[in-house]
Amino acid sequence: MPWWKTAVLYQIYPRSFLDTDGDGIGDLEGVRSKLGYLRWLGVDGVWLSPIYRSPMADFGYDVSDHRDVDPVFGDLEGFDRLLGDAHVRDIKILLDWVPNHTSDRHPWFVDSRSTRDSPRRDWYFWRDGRAGGGPPNNWRAAFGGGAWTWDDATGQWYLHLFLPEQPDLNWANAGVVEAMHGVLRFWLDRGVDGFRADVVHLIGKDAALPDQPPELAEIDLVGVHDHPSAHPLLRGIRAVLDSYAGDRVMVGEVNLGSPRLLVPYYGAGDELHMVFNFSLLWAPWEAARWAERIVESEAALAAAGAWPVWVLSNHDTPRHRTRYGGSEARARVAAGVLLTLRGTPFLYAGEELGLCDAEIPEERRVDPGRRDGCRAPIPWHEDPPHGWAAEPWLPWPPDAGTRDAGSLAWDEASMLHLYRRLLAARRRSPALHAGSWRLLDAPAGVLAYERLGDDGDRRQVWANFGDDPVSCRVTDAWVVEVSTTGRGEGLAWDGTLGTTDAVVVRPGG
Ligand code: TEU
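First residue of the sequence shown: 39, per the working numbering; consecutive thereafter.
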């Protein structure tokens, strides 16, 4: 199996991870200094949110130079040191590739907007307004308002599905394709192991840019735009990665609402290697809903031979412990499920510490999408500034002085050690990192499933989402390999589960 099918990957939002140069903003040296921690934790690779030169209107998702590191994070030599040290520790590095749009300060857009005759005019979407005035169509932008901005200098509108500072690239233009493939090659030549592709489904657009139908006219396109022209473009992108040795991988962010809509983005194994499945991230805290969504995902993806990807938190959504009402017990059960499903799980830095979102006073908010809470800095030591070289750009999350990595590393009963035990159990079990998945009958409020490895390795996971203890009917003799409460590990399992409690069990007795 290629490395990315058995791996557990870990998203780092660099500006919130660790500041080493005293500007209160995380940097690449901070990431490099924690590679030993990541190895100790047991993750196999890192996805770095954008580190490129950017005016930071959308904190790096508005790229003004794809081939350079923004000075706030460091420089290219510093990146090469990070990559080299990661590879020494057998940790892979994925960069965040932002194909749908650039910054309005990118030289390409500056050229494109300079005159209607610019050779790069068609690299972006420029259109006259409607006959009666107003923008060319009814599209809405993801951070509010319309998706078009008027440019006085050349008397046309330009398209931006996000901020006006993020003009959309026109992937029907061969120059754009060549230039963005060149960006991939620049980093692949440097040795990166792959990419997370930002809203990659949006690069396929109908050149006529037709109005959204009335029922979709009030929402932005991110969650509903699904155009077939994306697929030949993705085949071209995949061909670039496949021209490199070493199983270079691309995981796509495709924000469509159901797993069956994600399957086409794998192509016939010639488009994206992986596509984020957000169905558990969007699920309420109910065992039956989780079971339904896992079954639905398995049915859709397995039929197409598409490799599943699971995630509960990222830099765009409230952290899952916050979503679960602040319950650490629920976050522990969620980790027990996330790290034992079939496919590749992605962790979001800080979830192993059981962090909740930070409370952000209005005057401290800086994100256009009001996502600051889940981007709070990661605490490493108990005393402020918690291992950072200066007070950080955002407020600390709750309990930063007790939920810091240093304090939890000393507490074997902590969430951090639970993640480490789950990662170790996954790594040593072919059933967990490569086996099949099937749902088991279970009492109400309990999600249960079995994993089977080709070599006969076998595990079962029993997760009680409910607030009452429950007794499950088990047939064979089982030993508790991991318990989210820590109780009974290494002992025979009698089928009982406590309140909000999960176990990973292996045969034996
Ligand atoms: O996110 C796309 C996306 O789904 C989010 O923008 C979502 O619409 C928003 O968070 C709702 O508040 C990707 C990146 O992950 C995000 O950080 C960027 O802001 C966005 O694309 C534009 O590049």
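For glycine and all other residues, C-beta sits at the position ideal for the given N, C-alpha and C.
Can the beta-carbon of residue i be found closer than 9 Å to that of residue j?
i    : j    : result
T440 : D395 : no
G74  : R127 : yes
M288 : G364 : no
R154 : F147 : no
L300 : A338 : yes
E303 : G295 : The sequence given here places Tyr at residue 303; Glu does not occur at that position. Taking 9 Å as the Cβ cut-off, Y303 and G295 do not qualify as a contacting pair.
H263 : G305 : no
R286 : V230 : yes
D100 : D142 : yes
W209 : R165 : no
D61  : A428 : yes
A180 : F163 : no
S335 : P297 : yes
N293 : G381 : no
A95  : P399 : no
W188 : W177 : no
R53  : I63  : yes
P358 : L391 : At residue 358 the sequence reads His, which differs from the Pro that was named. The answer is no: Cβ separation not under 9 Å.
E309 : I275 : yes
L477 : V333 : yes
Candidates the options: which alpha carbon is nearest residue i's?
i    : options                : result
L271 : G284, E216, G364, D231 : E216
S71  : I89, H104, L121        : L121
Q498 : A180, L66, L470        : L470
N211 : D160, V84, Q49, F316   : D160
Y48  : T153, D61, G80, D59    : G80
N175 : P406, H311, D244, R368 : D244
G184 : S474, P399, P202, D236 : P202
L460 : A486, E527, S445       : E527
R464 : V542, S317, T192       : V542
G444 : L310, P415, H419       : H419
G473 : P417, P346, D190       : P346
Y386 : I416, R402, R368       : I416
K43  : F55, Y51, W348         : W348
L2   : A246, M218, R168, G261 : Not covered by the structure: residue 2. The range shown for the chain is 39 to 547.
P356 : A169, V292, E397, P40  : E397
Q204 : R413, P93, E389, D57   : P93
W426 : W41, A283, F55, Y51    : F55
D561 : S452, R223, L240, P173 : Lying outside 39 to 547, the shown extent of the chain, residue 561 is not represented and no answer is given.
P545 : V512, L350, A169, A283 : V512
L247 : H265, S156, G388       : H265
V508 : A480, D123, V260       : A480
R408 : W78, G182, N315        : G182
P145 : L393, S156, L319, D103 : D103
T58  : W41, G116, V46, L350   : G116
D249 : R234, L226, P173       : P173
T192 : S156, A447, V404, G220 : S156
R368 : L393, R119, A344       : L393
R496 : C510, W516, L485       : W516
W41  : P52, K130, G171        : K130
N352 : V313, R413, D227       : R413
R151 : G98, D190, R168, Y51   : D190
L226 : E401, D236, A255, A277 : A277
List the residues that DSSP assigns as beta-bridge partners of residue i.
i    : result
M312 : V289, W345
P563 : In the structure as shown, the chain starts at 39 and stops at 547, and residue 563 therefore has no counterpart that could be examined.
A447 : According to DSSP, which records beta bridges pairwise, A447 is partnered with nothing at all.
W161 : None, per the DSSP bridge assignment.
E488 : R476, Q498
T187 : Y196
G232 : L132, V287
G83  : L47, K130
W516 : P545
S521 : V541
H139 : D206
Y90  : V107
T36  : Nothing about residue 36 can be reported from this structure: the residues present for the chain run from 39 to 547 only.
L535 : V508
A530 : V517
Stretch-stretch touch, CB-based, cutoff 8 Å, three pairs: the segment 367–375 with the segment 516–526:
Using a C-beta cut-off of 8 Å, the segment 367–375 makes contact with the segment 516–526, since at least three inter-stretch Cβ pairs fall below that distance.
Within the chosen definition, does the segment 430–438 reach the segment 451–461 through at least 3 CB pairs nearer than 8 Å?
The segment 430–438 makes no contact with the segment 451–461: fewer than 3 CB pairs, one atom from each, lie closer than 8 Å.
Would you call the segment 502–522 and the segment 318–327 in contact, with 3 or more CB pairs under 8 Å?
Touching, yes.
Can we say the segment 124–138 touches the segment 86–93, given the rule of at least three CB pairs closer than 8 Å?
Yes, the segment 124–138 touches the segment 86–93.
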